[in-house]
Structures are given as structure tokens and as C-alpha cells.
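Undergrad: Mind having a look at this structure? Questions to follow.
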Amino acid sequence: MNTPRALVIRTAGTNCDAEMCRAFEIGGARAELVHVDRLIAEPRRIEAFDLIGFPGGFSYGDDIASGRILAMKLRDRLWEPLRAAAARGVPMIGACNGFQVMVQVGLLPGPDDGRWDESAGPERSVALAHNAGGRFVDRWVGVRANVDSPCVWTKPLVGIPAERARETLVLPIAHGEGRFVAASEVVLIGMRERGQVALTYIDNPNGSTDDIAGICDVTGRIFGLMPHPERYLEWTLHPFWTRLAPTSRGGETPGAMMFRAAVEASRMSPVSAR
Amino acid sequence: MGIAVSRAEAAQVYLIQTREALTDAQLTQVRGELLANPVTEISTVGAAPRSARATAMIEVHPLPGVMDPVAESVRLAVQELLRLPEAPEVSTGWRYDLEGPKPSEAGPLAERLLANPVIQRIHAEPYHPAAFPTAEAHGGEVRGVRLIGLDDPALERLSREAHLFLSLDEMQTLRSHYTSIGRDPREIEMETLAQTWSEHCVHKTLKSRVLYRGESGNDPIRWQGRPGHDVQADGSVVIDNLLKSTVAAATHRLIADGVDWTLSVFVDNAGVIAFDEKHAVNIKVETHNHPSAIEPYGGAATGVGGCIRDVIATGLGARPIANTDVFCVAPPDTTDVPTGCLHPRRILTQVVAGVRDYGNRMGIPTVAGAVAFDERYIGNPLVYCGCIGVMPRDRVHGRVQPGDLIVALGGRTGRDGIHGATFSSAELEHSAADEFSHAVQIGNAITEKQTLDAIMRARDEQAKPLYTALTDCGAGGFSSAIGELGKDTGATVHLEHAPLKYAGLSPTEIWISEAQERFILSVPERNLAALRAICNEESVELAVLGTFAPPEGSTIDNPDLRLLFHGREVGRLSMHLLHEGIPTPRRDATWTASGAPDSRGASPSGAPAMLHALASLLSHPDIASKHWIIRQYDHEVKGGTAIKPLGGPLPHARAPMDAAVITPVPGSRRGLAVSCGLQTGIGDPAIGGDPYLMALAAIDECVRNLVCIGADPERIAILDNFCWPSCRKPENLGSLVRAAEGCYDGAMAYRTPFVSGKDSLNNQFTTQDGRTIEIPPTLLITGIGIVHDISRCVTMDAKRPGSVLVLVGQPSTEFGGSRYQQLFGVPDKASSSVPRTDLLSGPGTAAAVARLISGGAVLAAHDVSDGGTLTSVAEMLIGGSTVESPIGADLHPMTAADAFAESPSCYILEVAEAAMPSLQSSLAGTPYRVIGRLNATGGLRIGGETIGVESLAAAWLRPLDW
């Protein structure tokens, strides 16, 4: 079986790219880090990839707003190949700045009917606004994966036994603009009905609507979240691993599980949501 | 200020100047796709009218020439979005509509809270200039400076008025040099010499010959037999090059005595040690005190940026992987702020923001630090920025080859940051903000990140790096960077080749500007095309400034530095004069042990109840939780922070770790622990302290922090950062000498080589009425230690009810400089002198604790430090207890002296009952005693008194929860 190829898109100010590449590799893919300007010069390169990652960082300094300039570039220059990849069912992830970029490009929450056939960048219907606390915050938070979500990335988290999940299903956040808001209640209701709210916070750290930490498109293959699963690839990165019983320190971390699940999903053709 | 603001609205303002007016369609596109988020924001073209309820409005815009990173990004983004042939000019600002204040109150309010006049202008109306200011290209003339024939008073006047800050003997040396070559210097030459010979760049005090006279008697220093020290018959001591004879001497002796894991010490931009078979780690700690005093945000951010560049520009290039930061400021409740100073609370808030914005944007985790408070930092706060990097072991050394091109990479050169090196070497006065506003800068982290990305590719993409050496442009700008790299080869520089931020810079300004985010690489001509290709891909600007080779008219044995502007020579200097010409006069140092111990805090009503004292100590700003700061930093980017600065169970994660542990090589089990030691109270001459003992205690504290987390005490490297008041005063130089002697003895005893260091020796502030406030002598020791297997790390949070608490080490009863004494005076049966670190037992205790930890016998380990034993136990409980799973402790009775002495070389270990026998055998010969036992009550009980851990936590969390 061929090793799936994961494209990790970087630009000026991207800084979680190395760990995202590593996460894809631990998950079983071969990761390639490519500068967005290279893709703009050769947009067809995107066709060769089986997975796409939008890593965290401060793209273009997050000047104006987090992820704004990179989102503008992608929407303006690479919408067509990204749309085609979405239509093809390529699993995508955006963590933190990557998530901020994806919602501003319009890759998330994506079309209600799963038809990725718009010729231009779609209307944006959700946003990640300044934290309710008014400043950047770095901490680990407990999260919950939605059993009813089609999300391929969070699927393995649902299976973690409750007692173990209480202690180990935690993820780090580090952002100033992570408060999830939807343009309207209608948008939110629709997302909930379609299972697009894939991940929620247990202790909401930023004032996100409905504790939303991560969302997916209706197919469940395109996923974005404010926490950083790629910072949780080993047990020694757990926030209080020195307190965990030795038996809890073994096996795959939730961060690694998410990438493995997506790499596995990339080998299978998407289940049509239509 | 007595001005009530009931409501405020903020809006970001973008001024965009294009050659052709933008069409409505274009404006819509710029607003909808770029400047405003349609889901959450609204945008207006032109100034919106003042909102109906607002009573006042102001706009804040950067002064012309001040770095505006957002404007830079918007320019390029607008050009790209609209496919414009050229990028527009952009300026940004903030508008505030305020409800409550009168229009006349808005300006003062803004000056206090929203703007700093050093870099920004406050407008009472929407600012809408007809066009942005422009400048003409500079004609290139360089002024001559009359030096030959000047008398001594005139030399001194020239030094001061031209901001050269050279001493009289240095000016005399230059006068005789120029007299001997038969011409007067040009301004650009004098500036180059002033930068290169500044305290900041050359550390002339620490490298000077010192005559030290101290009172004999009960001196803990043994003066005989020290390297480079000559004890005279009258008891005075002549020290030949203080730095070489103390800090560096310890390292060289340790290397001679078998410490074989240092790879580069004191010669490069950062010190380098071996990490594993293939990798090395490097570390540097800098201070950025004076810029941070007048513009704390920009000062701290560019301090971080500069230190990161030092780490990048070590050997043939390192990748930065962690930052540290330590701040010393006046207490936040200060009410009397002298003219010319900013309030300490504003300073702290802004320096934290500066470190945050630069470090987070660079993608470097800020993992360790400290904050200390003392009223004497009011006009001269201290901002220490540290950075650690990782590099392949075969990239540790670089060397310029004659004929290499001088290549500048990164940011453009502007008028910002002129005279930073000399400014940092001057003494601050109340008028500094006016006089030195040009030395202050705002950084652009993304430019530095892009340049780092390009340098790493240039280092790694081919078998050998595309360059033979590199350095960063820090203090002194091109003049220091090229002067240093070209020391042995000479250099010819074409100043007009430097890319400028705007027209109008004189050749001298180009040469000495300290504009940020710039590097100089020495590049063999054959590699230029490949380097240029990488830079193009990374959008990094590259400029060839000249050649590293002796300019015509000089030889490789005695090369010159030649500066040209459009083909005309504007300056010429001998490298020998520049680097070896500085005179080294003898300096006088004196020391008198102060007989006046601290009487602060002494309370006539007697000692407070023990748990009341504990709660007060936990609220002491030195001790109180720094979570407000730590959580603003991304301390986990790169996904390798195995021990985070705050740990313990969720949801709190409030345990203050003794050290952070990172994994420089992703996936490897080998880690690097990072921590620091700061014991200013012990060295404070004002309260009878001794800087010698301070240095010992700081090294001891740093080592204990690293050992507690699981580092190998035989693999610890340390750094010194001295921040002192003016050392032209013999008493201050005397206290510096003593601290340096402490560094030597401490490093030798703990076998911890110094690998790098830095000093800042003019930290004092003169008020408008002529009063000089000297900072207390402050020595920061930063340490890194190898952790052989991170899975064996131990953290300080209390773990399990039922386990035993053991105090290891010999506790002291000395309270001088302690937090308890500050608040309550000296308790019964205790002494008011400062504690003495026992160099005979301290290293053995550290080794014994390390053995216990690596053997798996220890559940939690914490050093006894600020606030003493009981405070440390309280921190362990706060760290480990939650409402859901409470942990408490039952402690054996102890006296206030036992509870609150800040004993050097002491540790508190949590040990399972079952492991006690192995503890007893491992600690043979090391004093220890059981002080109590953990339980599940969630309360701390001692001598019949009990207090809830959550109340202690509240006392500890609240003071700095801003």
C-alpha cells in the first residue's frame, strides 16, 4: 500500500509546522512542508496530496487579525485547487492559526450539503474572535469529542473509556483569538444538526459559543480546532504526566490518535454525504 | 487619575496612500477580503463621526519612522489583492471613542494608558494627512570632528555632547592616534570607535585591571591563590582582567580538570555545550534595561529579538528552541513615581507584552523566568532575556575566509535605534526619554522568523553551509557586526548598498543604526546565487555590502576597515585600533562590610502567628504566583516542553515548577532543564549583604532548581548576568569584584562551568532634583542541565496522601535579605546576617538528591527558597491539591526560624513510606529530617493551627492576577 502524502502549508510566521509534519508521520503519512508561494506558483501540486494540514503560528504576524492575510491569499489564489481537494474528500486539519485561516477562507464550516462546487470563495459564516479574557492564553484544557459527529479526526477520541478520558483527553491551547462565534443562530443550529460540532471544551477557556473547540465540514473529513493536537504526541507532553499512574502513560496519545485516524481515512474513499 | 471612563470603543485605523485613487470596487474588496471580518466586524471608509454617546475621542498613530509591522503587512497584502504595480504606502493607528472624560482630559489619559509619546503621537481629531511625509536622499557628506589639539576638558565635552560616552583616557588615546596619523577623524570613525569601545560591546570594566581594597577580618573570601590575582603586602589585591580571572577562569580550570562537554565558551555570540552525540545546545542571556525604561514594550521585544539573533548567529547557525525572561521592577503598589519614570505596573505589563508578542510570533516557547521587586528599580528596571538553541555538533565553529562577500540579510536599515550601545552604557536621567527616544525601537518578529527560516535552509540544504560565518546586528549595528567579523581580514563596505526603510539616511546613520532583524553573513562568491534563491523564496531581503579582505592600502597583517558611499571614501579605521586600541586603565575598587543589618519589617508587637505569616509571605510579590505572566507566553510551541513552567493537576495547573524541561531533539528521551537563580537580598550592601555570598547562593539556587526536576548535576552549565550601578564608583566596583569572586568559587565547587555572560554596569537613575537612585547589585545566574531520560523527571507538586515530607540539607537561621525579615523582622533565635552557602556540603547534597531522584525514590522535590521551608511546603500543596482530590499536610511543630529561613542548599522531598529505607541509605552523611506527612484533608496543619490549602492558594494567586 502506498504511503499517503500529507501537504503541510507554511508561510512567513508559520511556526507549528515541524510538529505538524511529525504528527502526520507518526500517523503513518509522509509529510511535505511547502511554502504557500510555491503552491501559488504551481497550484496543481496540491492534486498530488492525500491530506492537507494548516499549521499554527502567526501567519504574516497575524497582522490585521489572526490568519487574515494568509486566508486572503488562499481564497484569492488557491481556492480552486483547495475546493477540488475538498470535493475529492482529502482530509484536512487546521490547528489554531490554521483553523483561523480555514474559517476565513471558507473551508469551514463548508457547504451544508457537502457539495464543494462553488466557483469562488464561499460566504464566511463563523469566526474566531478575541478571547473573552482579552488576552493570549496558554493552558491545557479538557475536551469532549462529539459521538454524533462524522468527524474522522475525532472518531478515535470517542472510544477512550470515560475514566481514562477524564485524565488524558486534554489538549493545549495557546491563542489570543479563539472565541468561536457564528454569524447567526441559524448557522449554529444547522451545524449542530449535522454533527459539525466535533470537539467541545470542558472548561471553556475563551468564551466560545457552546464551548466549541473544533468543527468539521458535513463530510467529517475537513476539521479545524483551536487546541494543538500536534503538541501531544508523547505522554511526556501531557500537562501532569508526572502524576499519572505508569499504566496511563502507555499507548498512543490522543493527539497522535487523531492524525492516525485521518491518515487511515485518507486511504478510503469518502462516504458521500449527499 | 480621577478620570471616569464609563465606556470605550476602539477602532483600528488604516491610512492607505496610492498613486491612483482606489475605485469603490477595490475599496470594497480591501475591506471585505482583508481589513474586516464580515462575521464579526464593521468597517467604514473615511473617519466615522464620533459615536453619539462619546464625550471625547483620540487617535494614536506611530511617529514617522517608527517600525509599524502591521502597516508593512497591509502594504504587501493590498498590492497582492488588487494586483497593483507597486505597493501602496500604509500607516496604521488606533481610535478610541470615550464616554465620560472631557475632551481636555482625553490627551493626558491617552498618554498615561494608551500611548507612549516616545514612539507615538496622540491626535485629538481623526488624523488624515494629505500625504505621508517623504525625505530626500542624503548627499553623503560626512562631517569631520576636530580632535587634534583639543585639551582634556574639551575632549570630555565632546564625548558627552556627541553621545560618545568615552572616558577621558579613551579620548586621549584617540587624540594621540589621530595626531600620529596626521589627520582629524571623521564623524563616522568616531561613532564606530564609540560603539565598539562602549561598555555594552567590549565590557571594559570587567576586562580591566582592578585594584581591590577591602577590609580584612571576617571575610568569607580567601584571596590567596586565585588565578590572575596578586595579593599585595598591604592586603590589597590586584586583579588582572576581572572577567578572565574569575568567571572565565573557573570554566578553563574545570575544562582542564575533566569537564569535557563544553564546546565553545566566551568567544561567540552564545556559549555552546554538547547535548548528545550529534547535537549541541547554545545559550545566551542579555539585558535590555535602558530601552525598557522609556519604552517597555519595544524595549523588551527588541531585547528578546536581539538575544534570539545571538543564538541564531552562533557558530554556523543554531535554531532557537526556548526563551527565558526575568524582570526586576519597583513594587506594583508604588505611589511615588519620579518625573521621567513610568509606573512599575505599566512597565511590567508592557515588558510582558513585548516578550509575549516577540517570542510567541517567533514560535519559540518562553519556558522559564522570574520577577523580583525592589523600589530601587523605579527608574531603571531590569529586563533579562535569554534564549537557547540547538545545532549540529559540526556547525559549532565558523570562520570568515578572506575574499568572502559581506552579505546583509533581513530587515531594512532605518534611523531607529541610533546610539543604542552607547545609550545602554550611559546612566539614565529623568530626561532620557527625550534625549534617547531615537535609541528605542519596535521589533518585527516575522521578519526575524523569515530570516531564521532562510538561514536554516542556507545552513542545511547542501553538504556545507552557504556561508562561512555569521553574526547578528545588535548594538552598534553594521559597525559592530562587520567590525567584529572582519577583525582578522579587514573589510570594504559600500554603505549605499544597504536597503533603507526610507530615504535620507546619512552614511554614518546607515553604519551605526541598530535597526532590528538584521544579520551579516560571510559568503563565498560561488554560493551567492544559491543563497539569493533561498532568500527570494522566503521573501527575505539580501544585499551585498562589500568584501571581507584588506582594503587597498592595508595588509592582512594589519587590515583596515574602509567605508565608502557611492564610491567616495567616508571612513577608514585600523582594525587593530578598533579591537585592541582601547586603553585598559587600572580601576579602583573598595569594599567595606556594612554593619547595618536590615531593620525593615521589625514589628514591636512581636512575631505574627505562623500561618498568618505564611499567608502574607505567599502574597509577597516576589513569591506570589506569576501565572498572569506565564500564561501569556506560548510555552509549548514546538511540542517539546516536557515539564512546563506551570504544572500540577487540571483544571488549575498552578504548580510553579522549579525548572522547565524541553526536548531539543524531537522524539528523543534526552531533555534539557532550564532554570535560574536570583538572590539579590543576600548581596544588598544596604542591608549588610555581601555580593560574594549572593553569587554563591544564586548558583546554589540555580543548581537546586535543576536537580529538583531531574537534571544531572554533573552536566550543568551556567551564565552570569551582572546588572550593577555605576562602577566608576569604587564601592560599586568593589561589590562587583566580590560577586565575580563568588562566581568563581561557586562554579568551581559545583563544577558548573560558565559558558557565556553579559554585564550592564550603569543601572541607576538620576531624578530631576539630582537624587541618584542606584539599583541593588543584581546577579542573575541562568542554568541549563542535561536530563538523561525525561521520563524520570520529578515535579514539585505534592502527589499522594500518606507520603512523607523530608527536609534535606542543613537549614540556616540567618534572616538577612529574607522575605520574612522584610515583612516581620528577625524571629527569635535567628540572626540578622545573610545566609552563607556552604560550598563543602552543598554540592554533595545536590548529588545525593539527584541520585535519589534518578533512582525513582522521590515523588516530588522542591527547593527551599523565597519564604523558606514552610512556604515551599505550601507551594507543593497548592501545586498538587484540587477541590476534587484535596491534598493536605500535617507538619511537626517548628519555630518561625525553622519555618521561614531561606536556607541555601536545602530541599524538600516527598517520599513514599516504602521508599524511606532507601532514602536513609542514600543520604548517609547528608543531614535530613522528616518534617511531616501528606494527607487528604486539603488543609495544612502545624502546631495545632490549620489553614485550608485553597485559602493559601488564594493568597498566592491573587496579588499578581492582573
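Order-wise, the sequence lines are chains U and A. Residue numbers 11 to 284, in our numbering, belong to the letters of the first sequence in order. Residue numbers 27 to 988, in our numbering, belong to the letters of the second sequence in order. We treat Cβ as the ideally placed atom computed from N, Cα and C, and that holds for glycine.
(1) Counting along the chain, where does the beta strand (DSSP E) carrying Cys-561 of chain A start and finish?
(2) Should His-646 of chain A go down as buried or exposed, given a rule of 16 or more other Cβ atoms within 10 Å for buried?
(3) Hey, would you say Val-31 of chain A sits closer than 8 Å to Glu-137 of chain A, going by beta carbons?
(4) Give, in chain order, every residue of the region 75-108 of chain U whose Cβ lies closer than 8 Å to some Cβ of chain A.
(5) Are the C-beta atoms of Gln-476 of chain A and some chain U residue less than 8 Å apart?
(6) Going by DSSP in three states, Gln-146 of chain A sits in which element: helix, strand or coil?
(7) For Arg-284 of chain U, collect the residues of the same chain with a Cβ closer than 8 Å to its Cβ; drop the 5 residues on either side in sequence, then sort them by chain order.
(8) Let me see if you follow: with CB-CB separation under 8 Å, is Gly-67 of chain U close to chain A or not?
(9) Does Gly-58 of chain A come out as helix, strand or coil in the three-state DSSP assignment?
(10) State the CB to CB distance for the pair Ala-480 of chain A and Ile-390 of chain A, rounded to an integer number of angstroms; the pair is presumed to be in contact (CB under 8 Å).
(11) What does Ser-880 of chain A reach in chain U if we use C-beta pairs closer than 7 Å?
(12) Considering only residues of the same chain and omitting the five flanking positions on each side of Trp-251 of chain U, which have a CB-CB separation below 7 Å?
(13) Interface residues of chain A around Pro-182 of chain U at Cβ under 8 Å?
(14) Between the region 816-837 of chain A and chain U, which residues of the former have CB atoms less than 8 Å from a CB of the latter, in chain order?
(15) If we define contact as Cβ-Cβ less than 8 Å, is Thr-257 of chain U a contact residue for chain B?
(16) If you measure between the beta carbons of Ala-900 of chain A and Leu-672 of chain A, is that distance less than 8 Å?
(17) Taking Cβ positions only, does Lys-233 of chain A come closer than 8 Å to chain U?
(18) Which same chain residues, not among the five before or five after Pro-185 of chain A, have their C-beta less than 6 Å away from its C-beta?
(19) For Gln-114 of chain U, which residues in chain A fall below 8 Å Cβ to Cβ?
(20) Let's test the definition: count the other Cβ atoms within 10 Å of the Cβ of Arg-277 of chain U and tell me whether it reaches 16, buried, or not, exposed.
(21) Note down, in chain order, every chain A residue with its Cβ under 9 Å from the Cβ of Val-136 of chain U.
(22) On the DSSP bridge assignment, give the partners of Pro-88 of chain A in chain order.
(23) If you drop the 5 nearest sequence neighbours on each side, which residues of the same chain put their C-beta closer than 8 Å to that of Glu-162 of chain A?
(24) Taking 8 Å as the CB-CB limit, is Tyr-70 of chain U close to chain A?
(25) Please determine, among U:Pro-182, U:Val-153 and U:Ile-183, the residue with the shortest C-alpha to C-alpha distance to Ile-170 of chain U.
(26) So, at 7 Å on beta carbons, what are the nonlocal neighbours of Ile-508 of chain A in its own chain, with the 5 sequence-adjacent residues on each side left out?
(27) What does a CB cutoff of less than 7 Å around Ala-271 of chain U pick up in its chain, not counting 5 residues either side in sequence?
(28) For Tyr-96 of chain A, go through chain U and note every residue whose CB falls closer than 9 Å to its CB, in chain order.
(29) Report the residues of the region 86-113 of chain A with a CB closer than 9 Å to any CB of chain U, ordered along the chain.
(30) Any residues in the region 234-249 of chain U with a beta carbon nearer than 7 Å to a beta carbon of chain A? Which ones, in chain order?
(31) Excluding sequence positions up to five away, which residues of its chain have a Cβ less than 7 Å from the Cβ of Ser-282 of chain U?
(32) Where do the N-terminal and C-terminal ends of the beta strand (DSSP E) with Ala-635 of chain A fall, by residue?
(33) Among A:Ala-326, A:Leu-89, A:Leu-866 and A:Val-71, which has the Cα closest to the Cα of Gln-146 of chain A?
(34) Quick one: is Arg-284 of chain U near chain A, going by C-beta distance under 8 Å?
(35) Restricting to Cα atoms, I'd like to know which of A:Leu-140, A:Thr-365, A:Cys-354 and A:Arg-169 is closest to Thr-798 of chain A.
(36) What residues of chain U sit near Pro-675 of chain A, judged by a beta carbon separation below 7 Å?
TA: Inspection of the coordinates gives the following:
(1) Within the second sequence, the letter at position 535 stands for residue 561 of chain A. Segment 554-563 is the alpha helix (DSSP H) holding Cys-561 of chain A; no beta strand (DSSP E) there.
(2) Reading the second sequence from its first residue, position 620 is the one you call residue 646 of chain A. Counting C-beta atoms within 10 angstroms of its own C-beta, His-646 of chain A has 16 or more neighbours from the protein chains shown and is therefore classed as buried.
(3) As a working note, residue 31 of chain A is residue 5 in the second sequence. As a working note, residue 137 of chain A is residue 111 in the second sequence. No, Cβ-Cβ distance for Val-31 of chain A and Glu-137 of chain A is not below 8 Å.
(4) Ala-75, Arg-78, Ile-79, Met-82, Lys-83, Arg-85 and Asp-86
(5) What you label residue 476 of chain A is simply residue 450 of the second sequence in a count that begins at 1. Judged by the 8 Å Cβ criterion, Gln-476 of chain A is in contact with chain U.
(6) Taking the first residue of the second sequence as 1, we reach residue 146 of chain A at position 120. Residue state, collapsed to three classes: strand.
(7) Counted from its first residue, the first sequence places residue 284 of chain U at position 274. Confidence is the limiting factor: at Arg-284 of chain U the pLDDT is only 35, short of 50, which leaves the residue's position unreliable and the question unanswerable from this model.
(8) Locating residue 67 of chain U in the first sequence gives position 57, counting from the first residue. Yes, contact with chain A.
(9) Here residue 58 of chain A corresponds to residue number 32 of the second sequence, with the count starting at 1. Reduced to three states, the DSSP call for Gly-58 of chain A is helix.
(10) To locate residue 480 of chain A, count along the second sequence from 1; it is residue 454. To locate residue 390 of chain A, count along the second sequence from 1; it is residue 364. In fact, because the Cβ distance is near 17 Å, the residues do not count as touching under 8 Å.
(11) If you number the second sequence from 1, residue 880 of chain A lands on position 854. Correct list: empty, because the minimum Cβ distance to chain U is about 14 Å.
(12) As a position in the first sequence, residue 251 of chain U is number 241, starting the count at 1. Only Trp-245 and Arg-259 meet the Cβ criterion.
(13) One-based indexing of the first sequence puts residue 182 of chain U at position 172. Within chain A, the residues near Pro-182 of chain U are Glu-662.
(14) Ile-816, Ser-817, Cys-819, Val-820, Thr-821, Asp-823 and Lys-825
(15) Of the chains in the structure shown, none is chain B; the protein chains are U and A.
(16) In the second sequence, the residue the question calls residue 900 of chain A occupies position 874. In the second sequence, the residue the question calls residue 672 of chain A occupies position 646. No. Outside cutoff.
(17) Stepping through the second sequence from its first residue, residue 233 of chain A is reached at position 207. No, its Cβ sits nowhere closer than 8 Å to a Cβ of chain U.
(18) Indexing the second sequence from 1 puts residue 185 of chain A at position 159. For clarity, residue 185 of chain A is Ser in the given sequence; the question names Pro instead. Here the set comprises Leu-192 and Met-197.
(19) The count along the first sequence starts at 1 and reaches residue 114 of chain U at position 104. Asn-63, listed in chain order.
(20) Mapped onto the first sequence, residue 277 of chain U falls at position 267. It is exposed - the Cβ of Arg-277 of chain U has fewer than 16 other Cβ atoms within 10 Å.
(21) In the first sequence, the residue the question calls residue 136 of chain U occupies position 126. Here the neighbours are Val-65.
(22) If you number the second sequence from 1, residue 88 of chain A lands on position 62. BP columns for Pro-88 of chain A point to A:Gln-146.
(23) Numbered from 1 along the second sequence, position 136 holds the residue referred to as residue 162 of chain A. Closer than 8 Å at Cβ, skipping near neighbours: Ala-529 and Gly-530.
(24) Looking up residue 70 of chain U in the first sequence gives position 60. It does: the Cβ of Tyr-70 of chain U has a partner Cβ on chain A nearer than 8 Å.
(25) As a first step, residue 170 of chain U is located in the first sequence; it is residue number 160 there, counting from the start. Looking at the Cα atoms, U:Val-153 is the closest of the given residues.
(26) Numbered from its first residue, the second sequence carries residue 508 of chain A at position 482. Counting only Cβ-Cβ distances below 7 Å, and skipping sequence neighbours, we find Ile-432, Ala-517, Val-519 and Ile-546.
(27) To locate residue 271 of chain U, count along the first sequence from 1; it is residue 261. In chain order, Val-162, Trp-163, Lys-165 and Pro-166 place their CB closer than 7 Å to the CB of Ala-271 of chain U, counting only its own chain and leaving out the 5 sequence neighbours on each side.
(28) Counting from one through the second sequence, the residue named residue 96 of chain A turns up at place 70. First, the residue type needs correcting, since residue 96 of chain A is Val and not Tyr in the sequence shown. Those are Gly-71, Asp-73 and Ile-74, listed as they occur along chain U.
(29) Listed in chain order, the positions of the region 86-113 of chain A with a beta carbon within less than 9 Å of a beta carbon of chain U are Pro-95, Val-96, Ala-97, Glu-98, Ser-99, Val-100, Leu-102, Ala-103, Glu-106 and Leu-107.
(30) Glu-240, Arg-241, Leu-243, Thr-246, Leu-247 and Pro-249
(31) For the purposes of this step, residue 282 of chain U is taken as the residue at position 272 of the first sequence. Note that Ser-282 of chain U has pLDDT 44, beneath the 50 cutoff, so the model's placement of it is unreliable and the number below is only indicative. Contacts found: none.
(32) In the second sequence, the residue the question calls residue 635 of chain A occupies position 609. Per DSSP, Ala-635 of chain A belongs to no beta strand (DSSP E) and is neither H nor E.
(33) As a first step, residue 146 of chain A is located in the second sequence; it is residue number 120 there, counting from the start. Of A:Ala-326, A:Leu-89, A:Leu-866 and A:Val-71, the residue nearest in Cα terms is A:Leu-89.
(34) As a working mapping, residue 284 of chain U is identified with position 274 in the first sequence. No answer about Arg-284 of chain U holds up, because its pLDDT of 35 lies below 50 and its placement is not dependable.
(35) As a first step, residue 798 of chain A is located in the second sequence; it is residue number 772 there, counting from the start. In terms of CA proximity to Thr-798 of chain A, A:Thr-365 leads the group A:Leu-140, A:Thr-365, A:Cys-354 and A:Arg-169.
(36) Position 649 of the second sequence, counted from the first residue, corresponds to residue 675 of chain A. Those within 7 Å of Pro-675 of chain A in chain U are Phe-250 and Arg-253.
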